[in-house]
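What follows is a short report on a single structure.
In full-length UniProt numbering, the protein residues as written are 1 to 1154.
If you want it as structure tokens, here you go:
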């Protein structure tokens, strides 16, 4: 079987197909009874061109071979298949494999090989393992060697002439398949343990996984035969390397001792793999360290005491706690009952010494932070810090620390951290709890362990897999044993007599490395045969200009405060534009205990300080005021802020504190005025035409504060993402939103089949407008404009500055639960744009390099520039340019438009804003329903008022329409679209029967049109039969083109009707310019005498129509009729009626009607 494995299971380079065979057993003693496998050779595919040398391997199936033959050779010639009849047999039995060759292959070998033989794989693997960093191309060309490039791996096998195949095989060598998980890892780890006996001291796998490694030589170095107390190299130094393992959370914990006899260097005595850095991980490592120390002491029959466990560590709490817990575990196991747990807990900290080098490095680090330490005081700071290591008593230490804090107050938190008892006792001699002799005997730093880590990285590399790293540690630890044995037998391991030459260097220069001193730094001589021709030489003395960031002070993030920090920043950006003339006055009248008064103080403070510039540590004034305001919000009964450290809604707190505590009628005037600064007020009015026995009815809600504006994807789709178009429609008082169904419903049952028209009339617009965009990831992409106009085409509104200007954006990161802002400021006519994130730059906003709104604040939401990754636009904030004056103009316009709906408002005499407090519907024949009459559909406590149309009981009267006689209409079903009949309200087309015509309002108009002239003509001064007329002309002007009725004596440009004798103006007739009116051949008949057109009315004809806002029976005597000019006829194809378009005139003087 060894021969079979060595020859890769008897693989061949022929293309073979496996055939079935008779049964057999691999456990048979003779080959005849073994398991039979047959291989049928598939021959070769050759090119029919004799000059072509390409021989292709055929597929193993007939279908595959036929598909190969359909293609041409690479040279373009046709391919042919040369079959082979050779069938080989393999009998696998207990003794091996018996192979029978079926004959001789008469076809040539394929030029393309697929597999590497076992010998070839081993040769390739050997080269890769010796050159792990050589890439595929270097292996193919020839890796560099001492005498140039070495042989190419392609010399091993033609398979490896392909660089991609080399890449594949190299990866298989360096990273074997199968991974390290599951059964494979257990198997590989077991093999590792078997190959390296007495190396794995303990192995624990689970949530806390630790593998402790120690050889007998490493354990023997735990107990020194010679003590070196004067050199401070006794004890154990422990530290963890963070870059050795591939898994970045895994650590390599190393404990080392100094070998003073032969090696005279620090030697690892225990190395542990750890899948984390918790106290439990260190606990296992130190427990194994203590046990191995005890074993050495016991083996040499020496007394073990607590001092034997002294360690130098860094200031990691996990490492410190792990040491203490391991110390307790060890003594409870070794000497149970000798000492209590509390006694052991008291002793363990006295065996730990901290790394002084870490502290000195921290001093160097902090002194370079210009925001904490003035660069001119950096040396003073360093002297203060180092003096802490020289204080002998706690009193002296505390006095010096107090002076330190007083001199550098911004470093107070850093200083006090080192003053904590757990760290001070490990570092400062004045707080030392360790025995003085022991303190002096062990090192002051963990630099020795840091040096060991560097050796590990230099020799073994970084980011190794677990088993790969464990195998490498075997060689690393054995290196020290080999060096020790060589030195012990007199073999030179280094040149010179002194292995500790660094001690002399430290005495001479104060450093262990001379090159780190100024004198030891290499100098470069200048070539005096050339002029200064480098940038450094030519630009000597010139300061390089680097972009300088411009900052503005803000709120430093604290305890999830980003929701308040960002919203306050956005509000301030808008409010500070006219603070003195608007916000200060509006909110200044509030009682001091109102939260909006505190908000005013926050904005005022922001304006009273110099915002430009950087304040080290962040602006304490703004941040402290923010902290106080959070407490105000928490204690306010109306807000949802319940914790000082909780995560809140971006603007929810603002809507809470600006809400009315009751109705607007009971709200104090200053509070109403302050709320109007931030909130919209609106009234909702609904109409339903009614169906069946239901008369038209109306619902009117109370005036109330509107909820926040949130634009969802449905609104975005409706307006095509145009925020400007949406806002203009949103502000229209007469804009109705059709709703399906009627409000007269209860528990899912509808009592009215009519559909509702809903009007929302905005009565107040805020000075600070906040628009929330919601989820921008679901097609909710808007075009953000720089300005919004409530009345886009109203010049008077423009004059009153009824216009919103964009001031800021707010962005949200849903994953990080964090808000940031981008806002603009205007100073001296110059606009600046800042980006604010309370977590960055100590709460300072950073100035954008561009002051152009486009791309930064305006434009499409999915193309805004310089937005941090993960953040989406959440809200935009606008400022009303005209302030309270613009609010008042807007309100006046809205109230005027609301009158057309029949809405009438009342303003309280105490109001400071002019915002109406009550509203009622006033329409003819419309009455308000009492609570008893509202029916059971109205929910209990419903505040909305309900109205219903009440039809009159009186008989109707005829209306009067001024026009000339006309022929009766051809279609009795003609109606006027502006005047819906009762039948139309029920969705039924008017009937042509006589009864239906008598009940229709159309009949009223038709009767008027069909009436004779004597019945219709008004007894006025223009009547030819009236004695009161001063006209000398028998027939005065009665122009159907313009509707003019007056004496005609002074109007020469007229033509007389041949039928009625009335005069009409030339210019009012169709095609007047094409007619010679002075010609005797021209005859004229006015519109009143001509036959009526099918459209029923002449263009420009004036008729009387009922009040369009009165619904119900227009035949009532109470209905007012108004003059209207006929504009256009709209034929209908789906219904048996016609529609006509009229324009009502605001003038009742017939002489002025056009």
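Ideal Cβ positions, reconstructed from N, Cα and C, are used throughout, including at glycine. Source: prediction; values computed, not measured.
Requested in this report: Give the range of the alpha helix (DSSP H) segment to which residue 716 is assigned.
Outcome: For the purposes of this step, residue 716 is taken as the residue at position 716 of the chain shown. Per DSSP, residue 716 belongs to the alpha helix (DSSP H) from 713 to 719.
Report task. Keeping to the same chain, check which residues put their C-beta closer than 8 Å to that of residue 839; ignore five residues upstream and five downstream. Result -> For this step, residue 839 is matched to residue 839 along the chain shown. Once the five neighbours on either side are set aside, the close Cβ partners of residue 839 are 557, 562, 818.
Report task. Assign residue 981 to one of two classes, buried (16 or more other C-beta atoms within 10 Å of its C-beta) or exposed (fewer than that). Result -> The residue you call residue 981 lines up with position 981 of the chain shown. Summary for residue 981: the model assigns pLDDT 37, below 50, so the residue's position carries little reliability; its value from the coordinates is reported in the next sentence. Residue 981 is classed as buried because its beta carbon has at least 16 other beta carbons within 10 Å across all chains shown.
Query raised in the report: Is it true that the CB of residue 921 sits closer than 8 Å to the CB of residue 698?
Result: Here the question's residue 698 lines up with position 698 in the chain shown. Here the question's residue 921 lines up with position 921 in the chain shown. Here residue 698 is near residue 921, since their CB atoms are less than 8 Å apart.
Query raised in the report: If you run the structure through DSSP and keep just helix, strand and coil, what is residue 462?
Result: By 1-based counting over the chain shown, the position of residue 462 is 462. Residue state for residue 462 is assigned as coil, using DSSP reduced to three classes.
Query raised in the report: In terms of residue numbering, what span does the alpha helix (DSSP H) encompassing residue 48 cover?
Result: To locate residue 48, count along the chain shown from 1; it is residue 48. No alpha helix (DSSP H) holds residue 48; DSSP gives it neither H nor E.
Requested in this report: Just mark residue 628 as buried or exposed, buried being the case when its beta carbon has 16 or more other beta carbons within 10 Å.
Outcome: The count along the chain shown starts at 1 and reaches residue 628 at position 628. Exposed, because fewer than 16 other Cβ atoms sit within 10 Å of the Cβ of residue 628.
Query - Buried versus exposed, by CB contacts within 10 Å (16 or more), residue 292 - result: Taking the chain shown and counting its residues from 1, the one referred to as residue 292 is at position 292. Answer is buried; the Cβ neighbour count reaches 16.
Query - Whole-angstrom distance between residue 1106 and residue 1090, CA atom to CA atom - result: On the chain shown, residue 1090 is found 1090 positions in, with the first residue counted as 1. On the chain shown, residue 1106 is found 1106 positions in, with the first residue counted as 1. If you draw a straight line from the Cα of residue 1090 to the Cα of residue 1106, it is about 26 Å long.
Report task. Run the CB neighbour count on residue 164, radius 10 Å, all protein chains shown included, and call it buried at 16 or more, exposed below. Result -> Residue mapping note: residue 164 aligns to position 164 of the chain shown, counting from 1. Looking at its Cβ environment, which holds fewer than 16 other Cβ atoms inside 10 Å, residue 164 is exposed.
Query raised in the report: Any contact of the stretch 809 to 825 with the stretch 861 to 873, i.e. 3+ C-beta pairs under 8 Å?
Result: Cβ pair count under 8 Å is three or more, so yes.
Query raised in the report: Would you call the CB atoms of residue 552 and residue 611 closer than 8 Å?
Result: Position 552 of the chain shown, counted from the first residue, corresponds to residue 552. Position 611 of the chain shown, counted from the first residue, corresponds to residue 611. The answer is yes: Cβ separation under 8 Å.
Query raised in the report: DSSP on residue 533, reduced to helix/strand/coil?
Result: Counting from 1 along the chain shown, the entry for residue 533 is found at position 533. Reduced to three states, the DSSP call for residue 533 is coil.
Query - Simplified DSSP assignment, three categories, for residue 616 - result: As a first step, residue 616 is located in the chain shown; it is residue number 616 there, counting from the start. Residue state, collapsed to three classes: coil.
Query raised in the report: Which residue's Cα is closest to the Cα of residue 1157: 827, 844, 822, 930?
Result: Within the shown structure, residues of the chain are numbered from 1 to 1154, placing residue 1157 beyond reach of any answer.
Query - Neighbourhood of residue 161 by C-beta distance below 8 Å, restricted to the same chain and skipping five residues each side - result: Translated into positions along the chain shown, residue 161 becomes position 161. If the five residues before and after residue 161 are omitted, its C-beta is found closer than 8 Å to the C-beta atoms of 140, 154, all from its own chain and listed in chain order.
Query raised in the report: Residue range of the alpha helix (DSSP H) that residue 1104 falls in?
Result: For this step, residue 1104 is matched to residue 1104 along the chain shown. Residue range 1102 to 1106 is occupied by the beta strand (DSSP E) that includes residue 1104, with no alpha helix (DSSP H) assigned at that position.
Query raised in the report: For residue 1039 versus residue 683, is the C-beta spacing smaller than 8 Å?
Result: In the chain shown, residue 1039 corresponds to position 1039, counting from 1. In the chain shown, residue 683 corresponds to position 683, counting from 1. No.
Query raised in the report: Opposite residue 845 in the DSSP bridges: which residues?
Result: For the purposes of this step, residue 845 is taken as the residue at position 845 of the chain shown. Within the DSSP bridge table, the entry for residue 845 names 552 as partners.
Query raised in the report: Do the stretch 47 to 63 and the stretch 22 to 30 meet, that is, are 3 or more Cβ pairs less than 8 Å apart?
Result: Between the stretch 47 to 63 and the stretch 22 to 30, the count of C-beta pairs closer than 8 Å stays below three; the two stretches do not touch.
Query raised in the report: In angstroms, rounded to a whole number, what distance separates the CA positions of residue 673 and residue 913?
Result: Here residue 673 refers to the residue found at position 673 of the chain shown. Here residue 913 refers to the residue found at position 913 of the chain shown. Taking the straight line joining both Cα atoms gives about 6 Å.
Query - Three-state class that DSSP yields for residue 290 in the structure shown - result: In the chain shown, the residue the question calls residue 290 occupies position 290. The answer is helix: DSSP assigns residue 290 an H, G or I state.
Query raised in the report: Residues in its own chain within less than 6 Å of residue 1144 by CB, not counting five upstream and five downstream?
Result: Start at 1 with the first residue of the chain shown, and residue 1144 comes out as number 1144. So the qualifying residues of the chain are 1122, 1124.
Query raised in the report: Mind checking residue 34: buried by the 16 CB within 10 Å criterion, or exposed?
Result: The residue labelled residue 34 in the question sits at position 34 within the chain shown. Around the beta-carbon of residue 34, 16 or more other beta-carbon atoms lie within 10 Å, marking it buried.
Report task. Give a yes or no on contact between the stretch 230 to 249 and the stretch 295 to 303, applying the rule of three or more CB pairs nearer than 8 Å. Result -> Taking a cut-off of 8 Å on C-beta distances, the stretch 230 to 249 does not touch the stretch 295 to 303, as fewer than three cross pairs fall below it.
Query raised in the report: What alpha helix (DSSP H) runs, 4 residues minimum, are completely inside the stretch 76 to 154?
Result: Here the runs fully enclosed are 118 to 130, 136 to 141.
Query raised in the report: When you compare only the Cα positions, how much space is there between residue 442 and residue 381?
Result: The residue you call residue 442 lines up with position 442 of the chain shown. The residue you call residue 381 lines up with position 381 of the chain shown. Going from the Cα of residue 442 to the Cα of residue 381 covers about 28 Å.
Query raised in the report: In three-state terms, what does DSSP make of residue 1004?
Result: Residue mapping note: residue 1004 aligns to position 1004 of the chain shown, counting from 1. Only weak support exists for where residue 1004 lies, its pLDDT of 45 falling under 50; the value from the coordinates is given anyway. The answer is helix: DSSP assigns residue 1004 an H, G or I state.
Query - Proximity below 8 Å, CB of residue 797 to CB of residue 790 - result: Mapped onto the chain shown, residue 797 falls at position 797. Mapped onto the chain shown, residue 790 falls at position 790. Contact check for residue 797 against residue 790 passes: the beta carbons are separated by less than 8 Å.
Query raised in the report: With which residues is residue 759 paired in a DSSP beta bridge?
Result: Start at 1 with the first residue of the chain shown, and residue 759 comes out as number 759. DSSP output for residue 759 lists 685, 736 as bridge partner(s).
Report task. Per DSSP, which residues does residue 860 bridge with? Please list them. Result -> Along the chain shown, read from residue 1 onward, the residue named residue 860 stands at position 860. DSSP, once it has assigned bridges, lists 783 as partnering residue 860.
Query raised in the report: Tell me which same chain residues have a C-beta within less than 7 Å of the C-beta of residue 439, skipping the five on either side of it?
Result: Reading the chain shown from its first residue, position 439 is the one you call residue 439. Result list for residue 439: 353, 432, in chain order.
Query - Backbone CA spacing between residue 1065 and residue 1081 [nearest angstrom] - result: Taking the chain shown and counting its residues from 1, one reaches residue 1065 at position 1065. Taking the chain shown and counting its residues from 1, one reaches residue 1081 at position 1081. Rounded to whole angstroms, residue 1065 to residue 1081 spans 18 Å at the Cα level.
**Report entry** Option nearest residue 271 by Cα separation, candidates 322, 295, 201
**Finding:** On the chain shown, residue 271 is found 271 positions in, with the first residue counted as 1. Closest by alpha carbon: 201.
Query raised in the report: Between which two residues does the beta strand (DSSP E) harbouring residue 259 extend?
Result: On the chain shown, position 259 is the one that residue 259 refers to. From DSSP, the beta strand (DSSP E) with residue 259 extends over 251 to 259.
Query raised in the report: With distances taken from CA atoms, which of 593, 602, 555, 564 is nearest residue 575?
Result: Residue numbering aside, residue 575 sits at position 575 when the chain shown is read from its first letter. The alpha carbon of residue 575 has as its nearest neighbour, out of 593, 602, 555, 564, the alpha carbon of 602.
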